[in-house]
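Structure first, then comments.
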Amino acid sequence: MEVINVTHENIEIFSEVLNDSATWLNSINQPMWKYEDITSEELLKKYSIEDMKLCYERGKLIGVYILQWYDPLFWASLKKNECGILHKLAVCRESAGKGYGRKLIQSAELLCKELNIKWLRLNCGTFRDKLRNFYESNGFKMVDRVFIDDRDQIRYEKSINL
């Protein structure tokens with residue numbers, strides 16, 4: 001898999017993948033992201049462009065994610081560069097159901113390993129059983145349940161073997 005950093009020239013592609021995922025999630029009554037929150041402009045207000053990743057397999061875009069090295073909202077007690085924190089993981093709709101979600105996580109783990117970072121963390125809505133099962137099947141362990149921004153969340157972590 002090839003992981004490409006998002007730039008100002010290709011951020012629209014990143015946003016489009018999130019929009020497609022949001023549309024699909026809305027269609028199955030599992031809304032996750034508001035369209036107005038995943039525009040290029042709004043993403044750049046909340047995240048560093050260097051943390052946004054486009055993932056390709058044999059030249060074909062298969063998914064995106066954000067890999068932060070500090071998250072003051074969901075992991076405020078952790079120091080910068082103490083762990084990698086996954087956000088906005090999304091598989092392109094035409095690539096769904098082919099195991100690419102696991103590959104996206106593995107690519108984030110490799111980026112952590114390159115920086116000698118031993119933990120990968122994320123948060124997930126408490127009521128998202130399928131998504132939580134997906135993360136747990138990929139080695140994430142529940143840390144705790146928190147209420148942040150009026151959202152009921154489970155925080156997860158995964159140890160990375162260096």
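Position 83 of the sequence shown, counted from 1, bears residue number 83 in the UniProt record's numbering, the numbering being contiguous throughout.
We put the beta carbon where it would ideally sit given N, CA and C, even for glycine.
In this text, all values refer to a predicted model and were calculated from it rather than measured experimentally.
What do you get for S48, buried or exposed, if any count of 16 or more other CB atoms within 10 angstroms of its CB means buried? Position 48 of the sequence shown holds residue 48. With fewer than 16 other Cβ atoms within 10 Å, it is exposed.
Quick one, which of E57, L111, R121, Q30 has its alpha-carbon nearest S77's? For the purposes of this step, residue 77 is taken as residue 77 along the sequence shown, with counting starting at 1. Among E57, L111, R121, Q30, the Cα nearest to that of S77 is on R121.
At what residue ranges does the segment 4-69 contain a whole run of the alpha helix (DSSP H), taking only runs of 4 or more? Complete alpha helix (DSSP H) runs here, min 4: 11-27, 40-46.
Beta-ladder partner(s) of L86, from DSSP: By one-based count along the sequence shown, residue 86 stands at place 86. L86 pairs with L67.
Contact set for M52: own chain, Cβ-Cβ below 6 Å, skip 5 residues either direction: Here the question's residue 52 lines up with position 52 in the sequence shown. Excluding positions up to five away in sequence, the list reads V6, F14, I66.
Quick one: grab the DSSP three-state call for residue 164. The structure shown does not extend to residue 164, since the chain spans only 1 to 162, so no value can be given for it.
Residues near D144 by beta carbon distance below 6 Å, same chain, minus five either side: Here residue 144 refers to the residue found at position 144 of the sequence shown. R155.
Looking only at its chain, what residues have a beta carbon closer than 8 Å to the beta carbon of D149, apart from the 5 residues adjacent to it on each side? Sequence index remark: in the sequence shown, residue 149 carries index 149 (1-based). So the list reads L73, once near-sequence residues are dropped.
State the start and end residues of the unbroken alpha helix (DSSP H) segment that holds R102. On the sequence shown, position 102 is the one that residue 102 refers to. In this chain, the alpha helix (DSSP H) harbouring R102 covers 100-114.
Straight-line Cα distance separating L89 from L104: Looking up residue 104 in the sequence shown gives position 104. Looking up residue 89 in the sequence shown gives position 89. Answer to the nearest angstrom: the Cα atoms are 8 Å apart.
For K158, which of K113, P31, T126 has the nearest alpha-carbon? Here residue 158 refers to the residue found at position 158 of the sequence shown. The shortest C-alpha separation from K158 is found at K113.
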